[in-house]
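Residue numbers (this note's numbering), protein chains in the order written: chain A, 1 to 347; chain B, 1001 to 1347.
First up is the structure itself, then whatever we jot down about it.
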DNA sequence: TTGTACGCGTTATCAG
DNA sequence: CTGATAACGCGTACAA
């Protein structure tokens, strides 16, 4: 019986052979419900993603590759990964609650964290093993991993500044997804360090989708004093932005510098002129998630406690033609602004 | 106890109230493993998708919207939808087997069917309730749904033929995904009906990705007698094709007609010149899947048998600028070919 | 080394 | 209408 199948030591080779043979002949496979009930664990890790919250291009290569990484780790330990897809009409908190309370999984990854994310508060209260993919203002100490928005902003702003840009637009999300705020703050800080102030009129909040990018394009073109560069938190926006610019005869890398974000959706790699963006290994990120999840589950099983991990995942700049241009740096383009204070502050 | 919570009739209002109150106070929620063990059903439907098999842009809006539709139906009946993501290194058959044999789900949707799909053979053998999303040569009678490739081919070829095109390239998948074959056959039939023969040199097999589309572009440009039009089975290919054509000064809709497929990835809606493609309601398709799955599960529960459904899902032509051109129709471009036989056949 | 009985949490059933 | 009990399939603990 189970001793033979599960490879316990206290069973003779002969018996094990007989049992295995019989199991194969009868096509026996253990019922997971029975197993879970007995052991108190499901052997399953859930990964919750939310419909069209945040990036439009959810799922595409982005999460898929992450799943691959997570699974490669979990599979080695006999754990399954299942994706819970929280539809557009469903409440994310209720959805997560349901998964936890029915004990459908042993651990959870919750993606697309919002600034105030009640799922996180709930999971902490519940002392349920989980990792947040994305930071949040919610909750206290808990494990999370997030992309290095600060590093991206620093590299993007650094590059543009060096090329003389001072009037740089920042395109971010119009919704409550946390990284929209993180990114703007990071850009503001990177500009501050260089004595440039990020004013409100240079922050463009739009849907993170191609349509949002198209609207961004319209707004940029309508500016009295058009920014000489734009950085954005999501690449679908670039895909919608490019055609708008082209229609107006404004060429990325010649008439305006454009910096995208990560390399998803993959279509963004085929923009012309090629888009300056950032590279990261989503598979390795998934690997990290899986590995840390194992640690959380081990800790819970053995009653130990494990320190919450906080991981910032690096991205590497991949320069493209969209930032090929330089502009004459004039710090006093707009005489109504006094940069002195900032220059002083940065020294 | 359970009678009160599950709303059975044989319990007084007062008791029910007390039980509900206590349950709320203690934060009680039924354990799904216990429930499944007792009832023999998990209350869960699985949807298996495969990593980068077939279309590169898997997941993106395409499957996500389908999930939404499925879930909207299942949720009404207290069923959960979970996504099983079969990673690139895993064997799809073994993966499906595992899900079935451990009794993780009550029913299964298997997407991205291949021409010979051992999952289907297995599921039929096992008499497990499932729906294939995509046709296959495998298996006998079973439920499936698939896109109307024949209708798409007929509309695409019909449009191009009317505009004078006779030398039409067909771009399809290089891998074993079933619809790649279906589409080519459908195009061949549509051309046959018009007395045009689809020769082997006009069939281009490439990866269904932007990179595949780029290679397609190179091959088209290298043709001695370049096709005047190209139809393709997947839109990522168009996204890779466009830049290649542009580099060579070949403009879609002026120098070559281009017809895409469905409207995913969404980026394809932002191509310039706009791409002629096809529209379909993925949400409704998911709704159909959910509804039919319910029928399958009901039938199994009541021991009845339900006739396998075979559904062809319609797509509607959305003309774009990429097919704005007409060409002089000359049926004898290539004197080595004799169209008479086909003209005769079509009369 | 092997056989057996128990209990995980649930719900259906049967007796009260 | 309500309370008690058995059984779903598994793994473990304990007895043989």
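Yeah, the Cβ is synthetic: ideal placement off N, Cα and C, and Gly gets one too.
Alpha carbon of residue i to alpha carbon of residue j, nearest angstrom
i                       : j                       : result
residue 1213 of chain B : residue 1279 of chain B : 21 Å
residue 1249 of chain B : residue 101 of chain A  : 60 Å
residue 154 of chain A  : residue 169 of chain A  : 14 Å
residue 118 of chain A  : residue 128 of chain A  : 14 Å
residue 1081 of chain B : residue 12 of chain A   : 43 Å
residue 1211 of chain B : residue 1238 of chain B : 10 Å
residue 1319 of chain B : residue 1326 of chain B : 14 Å
residue 255 of chain A  : residue 1136 of chain B : 51 Å
residue 171 of chain A  : residue 36 of chain A   : 47 Å
residue 302 of chain A  : residue 288 of chain A  : 21 Å
residue 1182 of chain B : residue 1051 of chain B : 21 Å
residue 1047 of chain B : residue 1186 of chain B : 28 Å
residue 206 of chain A  : residue 157 of chain A  : 20 Å
residue 15 of chain A   : residue 40 of chain A   : 28 Å
residue 75 of chain A   : residue 1241 of chain B : 38 Å
residue 218 of chain A  : residue 243 of chain A  : 10 Å
residue 1142 of chain B : residue 1066 of chain B : 20 Å
residue 258 of chain A  : residue 1044 of chain B : 46 Å
residue 294 of chain A  : residue 262 of chain A  : 27 Å
residue 275 of chain A  : residue 266 of chain A  : 12 Å
residue 221 of chain A  : residue 110 of chain A  : 38 Å
residue 1165 of chain B : residue 1133 of chain B : 33 Å
residue 1138 of chain B : residue 1063 of chain B : 23 Å
residue 1264 of chain B : residue 225 of chain A  : 36 Å
residue 9 of chain A    : residue 78 of chain A   : 19 Å
residue 1115 of chain B : residue 1124 of chain B : 16 Å
residue 3 of chain A    : residue 1093 of chain B : 27 Å
Partner residues on chain A for residue i, Cβ-Cβ distance less than 8 Å
i                       : result
residue 998 of chain B  : Shown here, chain B extends from 1001 to 1347; a query on residue 998 of chain B therefore has no answer.
residue 1228 of chain B : Under the 8 Å cutoff, chain A gives no residues; its nearest Cβ is about 24 Å from residue 1228 of chain B.
residue 1246 of chain B : 272
Contacts that residue i makes with chain B (C-beta to C-beta distance below 7 Å)
i                      : result
residue 32 of chain A  : 1102, 1103 and 1104
residue 111 of chain A : Neighbours of residue 111 of chain A on chain B: none; closest Cβ ~13 Å, over 7 Å.
residue 51 of chain A  : 1064 and 1068
N-terminal and C-terminal residue of the alpha helix (DSSP H) that residue i is part of
i                       : result
residue 278 of chain A  : Premise fails: residue 278 of chain A lies in the beta strand (DSSP E), 277-279, not in any alpha helix (DSSP H).
residue 1039 of chain B : 1032-1039
residue 1096 of chain B : 1092-1101
residue 150 of chain A  : 149-162
residue 1014 of chain B : 1013-1026
residue 1064 of chain B : 1061-1076
residue 1261 of chain B : Looking at the DSSP string, residue 1261 of chain B is not in any alpha helix (DSSP H), and its letter there is neither H nor E.
Contact list for residue i against chain B, beta-carbon separation under 8 Å
i                     : result
residue 88 of chain A : 1068
residue 42 of chain A : 1033
Contact test: residue i Cβ vs the ligand FMN heavy atom, cutoff 7 Å
i                     : result
residue 10 of chain A : In the structure shown, the ligand FMN is absent, as is every other ligand, since no ligand is present at all.
9 Å Cβ cut-off: residues of chain B touching residue i
i                      : result
residue 29 of chain A  : 1097, 1098, 1100, 1101, 1102 and 1103
residue 252 of chain A : Those do not exist, as residue 252 of chain A stays about 14 Å from chain B at its closest Cβ, beyond 9 Å.
residue 25 of chain A  : Correct list: empty, because the minimum Cβ distance to chain B is about 15 Å.
Residue i - containing beta strand (DSSP E), residue span
i                       : result
residue 1236 of chain B : Per DSSP, residue 1236 of chain B belongs to no beta strand (DSSP E); it is in the alpha helix (DSSP H), 1235-1247.
residue 187 of chain A  : Run containing residue 187 of chain A: none in the beta strand (DSSP E); it sits in the alpha helix (DSSP H), 178-192.
residue 111 of chain A  : 107-111
residue 311 of chain A  : 310-313
residue 1046 of chain B : 1044-1050
residue 132 of chain A  : 130-133
residue 1080 of chain B : 1080-1086
residue 173 of chain A  : 168-173
residue 232 of chain A  : 229-232
residue 1204 of chain B : 1203-1206
Chain-ordered chain A contacts of residue i [CB-CB under 7 Å]
i                       : result
residue 1243 of chain B : 270 and 272
Contact list for residue i against chain A, beta-carbon separation under 9 Å
i                       : result
residue 1323 of chain B : Simply none; closest approach about 18 Å.
residue 1037 of chain B : 31, 33, 34, 36 and 37
Notebook entry, point to check: Are at least three pairs of beta-carbons, each pair with one atom in the region 304-324 of chain A and one in the region 140-151 of chain A, less than 8 Å apart?
Noted result: yes
Item checked: Contact list for the region 124-150 of chain A against chain B, Cβ threshold 8 Å -> none
Margin query: Using a Cβ distance threshold of 8 Å, determine whether the region 82-102 of chain A contacts the region 301-308 of chain A, with at least three qualifying pairs required.
Written below: no
Item checked: chain B contacts made by the region 64-85 of chain A, where a contact means CB separation under 8 Å -> 64, 67, 68, 71, 72, 75, 80, 81, 82, 83, 84 and 85
Next item on the list: Select from the region 1185-1217 of chain B all residues with a C-beta closer than 9 Å to any C-beta belonging to chain A, and list them in chain order.
Entry: 1209, 1210, 1211, 1213 and 1214
Next item on the list: Can you give me, in chain order, the residues of the region 3-22 of chain A that have a beta carbon less than 8 Å from any beta carbon in chain B?
Entry: none
Margin query: Does the contact criterion of 3 or more C-beta pairs under 8 Å hold for the region 1285-1300 of chain B versus the region 1068-1078 of chain B?
Written below: yes
Item checked: Near-chain B residues of the region 295-313 of chain A - C-beta to any C-beta below 9 Å -> none
Margin query: Using a Cβ-Cβ cutoff of 7 Å, what residues of the region 1164-1185 of chain B are near chain A? List them in chain order.
Written below: none
Check: Is it true that the region 1189-1209 of chain B meets the region 1227-1236 of chain B, where meeting means three or more beta-carbon pairs spaced less than 8 Å apart?
Finding: yes
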